[in-house]
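Chemist: Here this note's numbering is used: the first residue of the sequence shown is 2, the next is one more, and so on. The structure's right below; bear with me while I get my questions together.
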Amino acid sequence: MPYLRREQLAGMGIHYMYYPLDYFLESQAELGFKTIEMWCGLPHFILDDYGYQDTRELKKKVESYGLHIGVFTPECAVYSYLICAHDPLAQKHSMGYYTNGIKAAGEVGAKIMLTNCCGGDWNEEPERTFDRAVQVLRKLAPVAEDNGVTLAVETVRPEESRVVITLPELKRLLDAVDHPNVKAALDVTAMGVAGETMQEWFETLGSDICHMHFPDGRPYGHLIWGDGLHPLEDYLQLLNDYHYEGYLGQEITDGRYFADPKEADRKNIAAFEPYFK
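Given below as structure tokens:
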């Protein structure tokens, strides 16, 4: 049977967006999580291109519940702040936003900050959008290095972007950026929608996969485990086979879970319990 360290499973607060941060943290601690992927959206954390709230207080609060922030994730699909933004003013604000995200991540001790390549006009030549993503990540990479943070870039679904929605595109992006602090995040939903396999990802990127968004799906949907069709045990076995030791962020976004996110997490973590060592 495959195994997983409990610390690798990272609870995430997107489906707690209608509840305060303390309720999310209390729920994670009660249910047996040890690590969180800190979703930086209201009402949990204020982050924009002008600044961000006190990270010392955030770190202290998280640790008071016996939890650790493993990954820092600014909301990176909001229309105001996008890596591939076309308008120069939007680019300026987006750079400020992600720069502040990196600094905040470093201050709370998170070694990974997740992002993607959303943005860009959909009637724009995709190659221009792609080139803009490369240039932005090249600018952010030294900031990440200075703050002890690695940027983990995920692919997304075709409904979210016109570029970097497949494994070959992500590989090309990472090769073009060519910086040790810019690596890959494997999003299981985007992988499934693209018709790709986990084996293909590990064979292509290997240890450059530094983070995963690991929900169930059909393949669409960021669902709790048991509500989708993904083979959990097979996936965990592959993680063991390829010696993956990173986090598995539980990015649960389906609206059916918003009313009672704690109960959703209770069912979700129960699916992992047999594999914890």
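Positions of the beta carbon are idealized from the N, C-alpha and C atoms, including for glycine. Source: prediction; values computed, not measured.
(1) How is Phe259 classed by DSSP in three states: helix, strand or coil?
(2) Who are the near neighbours of Ala153 in its chain, counting only those whose CB is closer than 8 Å to its CB and skipping five residues on each side?
(3) For Tyr66, which residues in the same chain have their Cβ closer than 8 Å to its Cβ, ignoring the five residues on either side in sequence?
(4) Might you give, ordered along the chain, the residues of its own chain that have their beta carbon closer than 6 Å to the beta carbon of Cys85, omitting 5 neighbours on each side?
(5) State whether the region 229 to 237 contacts the region 254 to 270, with contact taken as three or more CB pairs (one from each stretch) at a distance under 8 Å.
(6) Using DSSP with H/G/I as helix, E/B as strand and the rest coil, what is Trp202?
(7) Sort Pro181, Asp228, Asp242 by Cα distance to Trp202 and report the nearest one.
(8) List the endpoints of the continuous alpha helix (DSSP H) containing Pro127.
(9) Determine the extent of the alpha helix (DSSP H) in which Phe25 is found, giving its start and end residues.
(10) Return the Cβ separation of Pro220 and Thr190 in integer angstroms, given the expectation that the two are a contact with Cβ distance under 8 Å.
(11) List in chain order: all unbroken alpha helix (DSSP H) runs of 4+ residues lying wholly within the region 25 to 103.
(12) Three or more C-beta pairs closer than 8 Å, one from the region 54 to 63 and one from the region 85 to 99: is that the case here?
(13) Taking Cβ to Cβ, would you say Ala279 is nearer than 8 Å to Met18?
(14) Quick check on DSSP: helix, strand or coil for Tyr248?
(15) Which residues in the same chain have their Cβ closer than 6 Å to the Cβ of Lys268, if we skip the five residues on either side of it in sequence?
(16) Determine the contact status of Leu171 and Met199, defining contact as a CB-CB distance below 8 Å.
(17) Compute the distance between the beta-carbons of Ile166 and Thr151, then report whether it is under 8 Å.
(18) Keeping to the same chain, check which residues put their C-beta closer than 8 Å to that of Ile103; ignore five residues upstream and five downstream.
(19) From which residue to which residue does the alpha helix (DSSP H) around Thr190 run?
(20) Give every residue of the same chain whose Cβ lies closer than 6 Å to the Cβ of Arg139, excluding the five residues on either side of it in the sequence, and list them in chain order.
(21) Does the beta-carbon distance from Glu197 to Leu168 come in below 8 Å?
(22) On a Cα-Cα basis, can you pick out the residue from His214, Arg173, Asp228, Ala195 that is closest to Thr205?
(23) Helix, strand or coil for Glu264? Go by DSSP, reduced to three states.
(24) Per DSSP, which one or two residues make a beta bridge with Lys184?
(25) If you drop the 5 nearest sequence neighbours on each side, which residues of the same chain put their C-beta closer than 7 Å to that of Gly250?
(26) Does the distance from the C-beta atom of Tyr248 to that of Met2 stay below 8 Å?
Modeler: In brief:
(1) coil
(2) Val72, Ile113, Met114, Leu115, Thr116, Lys184, Ala185, Ala186, Cys211, His212
(3) Leu26, Glu27, Gln29, Ala30
(4) Cys118, Gly120, Gly121, Thr130, Arg133, Ala134
(5) no
(6) helix
(7) Asp242
(8) 127 to 147
(9) 22 to 32
(10) 6 Å
(11) 56 to 65
(12) no
(13) Nothing about residue 279 can be reported from this structure: the residues present for the chain run from 2 to 278 only.
(14) strand
(15) Ile225
(16) no
(17) no
(18) Met114, Leu141, Val144, Ala145, Asn148, Val150, Leu152
(19) 189 to 194
(20) Val178
(21) yes
(22) Arg173
(23) helix
(24) Ala153
(25) Ala11, Met13, Glu38, Val72, His212, Met213, His214, Phe215
(26) no
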